[in-house]
Amino acid sequence: MAELRDQHYIEAIKTGDRVVLQTIYQTMMPSLLRLIKPTGGSIDDAKDLFQDAIVLIFKKIQQPDFTLTSAFSTYFYGICRNIWANQLKKKSSGHVTLEEDTKYNVVTDGDWHDLEEQTTRTRIFYRAFRQLGQDCQQLLQLFFQQKTMEEIMQEMQLGSYDYARRRKYLCKGKLTELMKNDPAYQELSR
Amino acid sequence: MNKQQDIELIEQYLDNQLNESDLTSFEARLANDAELRASLDLQRHVQAELANAAQIKLLHTLHDVVQTPFDPIPEKEAASKSYIAWWMIGIITLFVVGYLIYTALQPAASPGQSQPPVLPKTDVQPAEQTPAQTPKSEKPAQVPKTTEPIAALNPADFQANRTLDPLIGSQVRGGGAIEASFTQPAKPLNLTSQNGRIRFLVNGIASADEQPEKDALQLLLFSNRDADFLNNKPIQKFPLALVHAGESYNFSKKIDQNLKPGLYYLVLVEKDLNEPLAVQKIRVNRSN
């Protein structure tokens with residue numbers, strides 16, 4: 524029963540199923556809050572942590588050899604714990620740490636650092652992406668999701684190919700500028 | 012070359028659209044220009060993110076999901092619904108209690124009336140309960156026991172805990188080390204305190220991949236306040252002894268605790284860990 528539910532959760536992350544993600548959120552937030560509050564975390568930190576963990580799992584399950592080796596809640600909590608532990612280390616220069624718990628080492632095996640960095644990059648990207656206007660967001664997605672120029676011009680109601688192209692570069696330029704100005708990006712580039 | 016031109020150039024480079032001479036000069040620039048290399052990395056990353064439609068959909072959904080109120084401190088809004096529910100229960104209880112007392116007192120209050128008084132419906136045989144047999148000086152024997160009207164208590168003590176309440180009945184964690192659940196109370200418990208004390212039995216079952224320590228589980232008793240749970244401040248911690256029973260483990264604990272009227276939560280945790288394994292709630296009513 525629990526395995527079926529866990530598989531259901533994984534499937535929901537793959538497909539972005541809002542209702543199930545909402546359930547995971549409501550179920551996991553108490554544990555996340557209790558994880559981060561004693562070390563100075565806020566409810567916004569918990570929300571960020573929740574999103575990062577789901578994105579990291581999304582990336583992980585794209586790998587063909589992915590298997591869930593523990594209960595989803597344990598796996599999810601372990602990921603959050605490790606992300607939070609690393610954030611604490613950075614924020615407090617190592618002064619505030621979480622107690623070591625080898626039980627969660629399994630989630631940090633292998634390509635953990637790559638996945639964690641990719642997740643941070645995705646967070647930076649999305650934070651900037653949301654600051655763009657709706658038009659820019661849509662145009663960029665259409666361009667990079669293999670739509671033909673005709674489809675793009677029709678969907679965006681743009682008059683000419685040249686204009687669509689210019690708009691794309693402008694939007695992309697704005698997006699990359701926003702990302703470069705994100706402190707997390709600057710920290711990552713050091 | 013301005014930034015806009017660089018963006019175009021980088022995109023053409025990533026799409027393999029530069030002719031040979033442009034490619035040579037671009038690569039020469041790359042070799043000496045750290046900023047251009049950083050821009051190339053960034054743009055490569057941006058294109059990969061933009062091309063991942065499923066991930067963008069997920070990010071949008073997550074962004075919406077976390078907008079759902081989950082702040083355990085300012086819970087006035089969310090609590091208003093439970094306030095209304097409690098007040099409704101209170102009012103209905105008052106009506107029922109009032110009606111029952113009124114009907115039960117009828118014979119004594121109007122002894123001269125020829126019309127037989129209305130009695131509350133009971134399972135007691137009518138022959139033993141006729142008004143004629145009830146001595147006038149005595150109180151009627153069948154005044155039902157009720158808890159004190161909620162309006163006289165502090166409604167805040169009966170508010171649902173927003174973090175724990177959704178976890179009741181679901182297996183919150185487990186699989187990694189221990190899974191555990193309550194078999195008793197199997198559903199929310201309604202108790203009446205006797206001289207301020209409540210007594211009840213907690214039973215449960217646990218399973219683990221490897222043999223757990225005998226005292227691996229703890230039962231925590233929390234108030235209904237979110238802050239107490241979030242800051243890990245239970246009213247009481249009860250150690251639980253695991254008893255091997257076939258492929259699983261049983262535990263049992265008699266609780267005898269001083270508690271004022273209010274809503275409380277039983278939380279099963281693995282010793283020294285914060286994550287709840289199972290949650291149940293008890294409502295303590297004041298005794299008559």
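Here the protein sequences come in this chain order: B and Z. Under our numbering, the first residue of the first sequence is numbered 524, with each subsequent residue one higher. Under our numbering, the first residue of the second sequence is numbered 12, with each subsequent residue one higher. All C-beta atoms in this analysis are idealised placements derived from N, C-alpha and C, irrespective of residue type, glycine included. Note that the structure is a prediction, hence the values are computed from the model and not measured.
Asked: Tell me whether Gln-668(B) sits in a helix, a strand or coil according to DSSP, three-state version.; Found: coil
Asked: Taking the beta carbon of Gln-610(B) as the centre, do at least 16 other beta carbons fall within 10 Å, making it buried, or is it exposed?; Found: buried
Asked: Quick one: is Val-280(Z) near chain B, going by C-beta distance under 8 Å?; Found: no
Asked: Using a Cβ-Cβ cutoff of less than 8 Å, which residues in the same chain neighbour Gln-15(Z) once the five nearest sequence positions on both sides are dropped?; Found: none
Asked: Go through its chain and collect everything with a Cβ distance to Ile-547(B)'s Cβ below 7 Å, but skip five positions before and after it.; Found: Tyr-532
Asked: Compare the C-beta of Ala-64(Z) with all C-beta atoms of chain B and state if any pair is closer than 8 Å.; Found: yes
Asked: Kindly indicate which residue of Pro-199(Z), Glu-190(Z), Leu-200(Z), Tyr-275(Z) has the alpha-carbon position closest to the one of Tyr-260(Z).; Found: Glu-190(Z)
Asked: Using only the alpha-carbon positions, how far apart do Ile-675(B) and Gln-657(B) sit?; Found: 15 Å
Asked: Could you tell me the distance, in whole angstroms, from the CA atom of Ser-32(Z) to the CA atom of His-74(Z)?; Found: 45 Å
Asked: Have a look at Leu-130(Z) and Tyr-110(Z) and give me their C-alpha separation to the nearest angstrom.; Found: Reliability fails at Leu-130(Z), whose pLDDT of 36 lies under 50, so the model's placement of it is uncertain and the value that follows must be treated cautiously. Distance between the alpha carbons of Leu-130(Z) and Tyr-110(Z): 10 Å.
Asked: For Thr-174(Z) versus Leu-555(B), is the C-beta spacing smaller than 8 Å?; Found: no
Asked: Under a three-way DSSP split, which group does Pro-287(Z) fall into?; Found: strand
Asked: Do Val-295(Z) and Tyr-276(Z) have their beta-carbon atoms positioned less than 8 Å apart in this structure?; Found: no
Asked: Label Lys-244(Z) either buried or exposed according to how many other C-beta atoms from any shown protein chain fall within 10 Å of its C-beta, with 16 as the threshold for buried.; Found: exposed
Asked: If we ignore side chains and look at the alpha-carbon of each, how far apart do Lys-614(B) and Asn-704(B) end up?; Found: 19 Å
Asked: List, in chain order, every chain Z residue whose beta-carbon is nearer than 8 Å to that of Thr-550(B).; Found: Pro-177, Leu-178, Ser-181, Val-183
Asked: Would you mind telling me which residues of chain B sit closer than 8 Å to Ala-49(Z), beta carbon to beta carbon, in chain order?; Found: Ser-712
Asked: Rank Val-57(Z), Thr-35(Z), Lys-68(Z) by C-alpha distance to the C-alpha of Thr-541(B) and give the top, closest one.; Found: Rather than Thr, the amino acid found at residue 541(B) in this sequence is Arg. Of the listed residues, the one whose Cα sits closest to Arg-541(B) is Lys-68(Z).
Asked: Does the distance from the CB of Glu-19(Z) to the CB of Tyr-600(B) come in under 8 Å?; Found: no
Asked: Give the residues of chain B in contact with Pro-287(Z), contact being defined as C-beta atoms less than 9 Å apart.; Found: Pro-553, Ser-554, Arg-557
Asked: Note the first and the last residue of the continuous beta strand (DSSP E) segment covering Asp-267(Z).; Found: 259 to 269
Asked: Using a threshold of 8 Å, state whether the C-beta atoms of Thr-699(B) and Gln-291(Z) are closer than that.; Found: no
Asked: Counting only Cβ pairs nearer than 9 Å, list the residues of chain B close to Lys-14(Z).; Found: Gly-696, Thr-699, Glu-700
Asked: Three-state secondary structure (DSSP) at Gly-101(Z)?; Found: helix
Asked: At the level of alpha carbons, what is the spacing between Tyr-708(B) and Leu-164(Z)?; Found: 54 Å
Asked: Are the stretch 235 to 249 of chain Z and the stretch 558 to 576 of chain B touching by the rule of at least three beta carbon pairs closer than 8 Å?; Found: yes
Asked: If you draw a straight line from the alpha carbon of Ser-234(Z) to that of Ile-246(Z), how long is it in whole angstroms?; Found: 7 Å
Asked: Over what stretch of residues does the beta strand (DSSP E) that includes Phe-193(Z) continue unbroken?; Found: 189 to 195
Asked: Taking 8 Å as the CB-CB cut-off, is Arg-644(B) touching chain Z?; Found: yes
Asked: Quick one: give me the first and last residue of the beta strand (DSSP E) that Lys-560(B) is part of.; Found: Per DSSP, Lys-560(B) belongs to no beta strand (DSSP E) and is neither H nor E.
Asked: What in chain Z is Cβ-close to Ile-602(B), meaning under 9 Å?; Found: Neighbours of Ile-602(B) on chain Z: none; closest Cβ ~12 Å, over 9 Å.
Asked: In chain order, which continuous runs of the beta strand (DSSP E) of length 3 or greater are located wholly inside the stretch 202 to 244 of chain Z?; Found: 208 to 219, 228 to 233
Asked: Buried or exposed: which applies to Thr-550(B), given that a residue is buried once 16 or more other Cβ atoms fall within 10 Å of its Cβ?; Found: buried
Asked: I'd like to know whether the C-beta of Phe-573(B) is nearer than 8 Å to at least one C-beta of chain Z.; Found: yes
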